[in-house]
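Enquirer: Below is one structure. I have some questions about it.
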Amino acid sequence: MKKNRMRKLNKLLEIPEEVYSDVPKISLIGFDEMIIENYKGILEYEEFFIRISTYKGLISINGYNLNLETMTNDDIRVTGKIESFDFERITD
Amino acid sequence: MIIKKMINYIYGYVRIVVEGYYIERFINICRNRNYMMWNIKKSNDIQLALNVEIKNFKEICKIAKKTQCKVKIKAKRGLPFFLNRYKKRKIFALFLILIFLVIFSSSHFVWNIEIIEENGLEIENIMEDIQEAGLTIGKSKNDINAKEIINKVRLERDDIAWMGIELKGTNAIVRLVKAEKKPEIVNEDEYCNIISNKNGVITKINAQDGTANVKVGDTVSVGDVLINGWMEGKYTGIRYVHAKGEIEAKVWYTEHKTIEYTTTERRHTGNSENHFGIKINNFEINFSKGVSKFKFYDTIEIENKIRLFSNLYLPISVIKTTYQEYEEEKKIYSVEEAKNLGIQQIEEELERKIENKENIVNKNINTYEHENSIDVYVTYEVLENIGTNEKIVF
């Protein structure tokens, strides 16, 4: 009930959703750079495969020469030749 | 991004290689503890290279141990490492501080006086007067009272129309405007004569007001009255006026030169030698010893003050001495050649003197030959307007 009210207030003030909630925001710049905000942790990291867990599910990225360029507390930047990525929804 | 990189550089960071099988766990633990990590790259299956801040490095080592990883330092970058390298060089640091102090303290003094004359008119001995008035090299900038100096200099001299002192860095720029000496202006309603200001022969005289004193063909010299400032009428008697009129006269300009038949001429061979030295106040240090190796040479000395920025002069100057070699060559002129050379030189000189070249009426060349030289006289006849006003004093 309280969460709902906050949500309405935030919508009224037009605050972006990823700021007030845990919803991840994924932005892709070209095919070589991907920024994921609101992530939880890294599950797997290889040069050709990255799995990142978020609050909504898992993101797996395929490609080659993948780097974790910058890592801060709530966003991560992946650079490299990204070939494909897919999501695994957490169903509750 | 650049700001972030700069901050990282200032605080310092290390690039480490973590080796082990639980690398993901290692990354997640580091992230949970809010450690900055960037440029993470997996080089092969079990190796991970990443940058971390140095303040977190010890903790990261502990985490690595916990996750059974090995840590190797690949590179240390940043200011703390850089400074650490120079930690032992205490004298170096001391001198660095000393130099900064010297530059800072010397920037409070005037080390150069630059004089800019408006329109390029040169004012003689102005430097001495300025220095006498209190603006000297090496004086503290606080002690310089621009207004007082300007007043002193202007009291001393009467050929300065305007003067300004600007202190820029260690450079004092003195701007001067020279006052032109104006001819005495006689008011329209005052009585005056017209007198000659040049020697010549009158070719045309036309008195609008006043009475002509000379005729066409008369020879006049400087100071002769050309038009009298009075008129005589049959019935009115003598009446004084402001003389007006046009007087044209033939004026002669003569130059003379003696040309010797055998002359030694200097010819630069193009070889030159540079010597450098440093001058601090009046103390000179020469870097290269001795004098030039040339037999005959001209010496050109150029003094350049060292400056840090455009206007921050230091009390040190670099002296560059250039020796230019020349050869002495004996030249023998024939009579004709010597004559032509003399005429050419004089003509150049005269033409510089005469303002209106189209008024040149006649050229006269006289030569007198001697045993080993020739005298050349060149006279130009020029038509000019002459005459200036002179007040009549009763």
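Top to bottom, those sequences are chains A and B. Counting from 1, position 21 in the first sequence corresponds to residue 21 in my numbering; the numbering is continuous, with no gaps. Counting from 1, position 219 in the second sequence corresponds to residue 311 in my numbering; the numbering is continuous, with no gaps. We treat Cβ as the ideally placed atom computed from N, Cα and C, and that holds for glycine. Please read all numbers here as calculations on a predicted model, not as lab measurements.
Would you verify that the beta carbon of A/I15 is, or is not, closer than 8 Å to some beta carbon of chain B?
Expert: Cβ-Cβ to chain B under 8 Å: no for A/I15.
Enquirer: Is B/I449 helix, strand or coil by DSSP?
Expert: For clarity, residue 449 of chain B is Lys in the given sequence; the question names Ile instead. It is helical.
Enquirer: Can you give the Cα-Cα distance for B/T391 and B/S380, rounded to whole angstroms?
Expert: Distance between the alpha carbons of B/T391 and B/S380 is about 15 Å.
Enquirer: Helix, strand or coil for B/Y101, going by three-state DSSP, please let me know.
Expert: Here B/Y101 sits in helix by DSSP.
Enquirer: Here's a check: name, in chain order, each residue in its chain whose Cβ is nearer than 6 Å to the Cβ of A/S27, leaving out the five neighbours to either side.
Expert: Once the five neighbours on either side are set aside, the close Cβ partners of A/S27 are I35.
Enquirer: Residues in the segment 36-56 of chain A with C-beta within 7 Å of chain B's C-beta atoms, listed in sequence order?
Expert: Within the segment 36-56 of chain A, the residues whose Cβ lies closer than 7 Å to some Cβ of chain B are G41, I42, L43, E44, Y45, E46 and E47, listed in chain order.
Enquirer: Specify the secondary structure class of B/Q416 as computed by DSSP and reduced to three states.
Expert: Note: B/Q416 maps to strand in three-state DSSP.
Enquirer: Count the other CB atoms within 10 Å of the CB of A/T93; is the residue buried (16 or more) or exposed (fewer)?
Expert: Residue 93 of chain A lies beyond the range of chain A shown here (1 to 92); nothing can be said about it.
Enquirer: Measuring CB to CB, does B/E340 end up less than 8 Å from B/L442?
Expert: No, these two residues do not count as a Cβ contact at 8 Å.
Enquirer: Am I right that B/D221 and B/V245 are in contact with their C-beta atoms under 8 Å? What's the rounded C-beta distance?
Expert: So it is a contact: roughly 5 Å between Cβ atoms.
Enquirer: Count the other CB atoms within 10 Å of the CB of B/Y178; is the residue buried (16 or more) or exposed (fewer)?
Expert: Exposed: under 16 other Cβ atoms inside 10 Å.
Enquirer: Going by alpha carbons, who is nearest to B/I205 out of B/R181, B/I191 and B/K233?
Expert: It is B/K233.
Enquirer: Buried or exposed: which applies to B/N254, given that a residue is buried once 16 or more other Cβ atoms fall within 10 Å of its Cβ?
Expert: According to the sequence as given, residue 254 of chain B is Trp; it is not Asn. By the neighbour-count rule (16 or more Cβ atoms within 10 Å), B/W254 is not buried but exposed.
Enquirer: Please report the straight-line C-alpha distance between B/A335 and B/S313, rounded to a whole angstrom.
Expert: If I take the Cα positions, the gap works out to 19 Å.
Enquirer: Could you tell me which uninterrupted beta strand (DSSP E) segments, each at least 3 residues in length, are contained entirely in the segment 367-435 of chain B, listed from first to last along the chain?
Expert: Complete beta strand (DSSP E) runs here, min 3: 375-378, 389-399 and 405-424.
Enquirer: Taking only beta-carbon atoms, is A/L12 less than 8 Å away from chain B?
Expert: It does not; no Cβ of chain B falls within 8 Å.
Enquirer: Going residue by residue through the segment 187-217 of chain B, where are the continuous beta strand (DSSP E) segments of at least 3 residues, counting only ones entirely within it?
Expert: Qualifying beta strand (DSSP E) stretches, in chain order: 204-209.
Enquirer: From B/Q223 to B/K270, what does the alpha carbon distance come to, in whole angstroms?
Expert: Straight-line Cα distance between these residues: approximately 18 Å.
Enquirer: For the segment 167-182 of chain B against the segment 235-244 of chain B, do three or more pairs of beta-carbon atoms, one drawn from each stretch, fall closer than 8 Å, so that the two count as touching?
Expert: Segments in contact, no.
Enquirer: Residues of the segment 94-111 of chain B in Cβ contact with chain A at a cutoff of 8 Å, in chain order, please.
Expert: Cβ contacts with chain A: none found.
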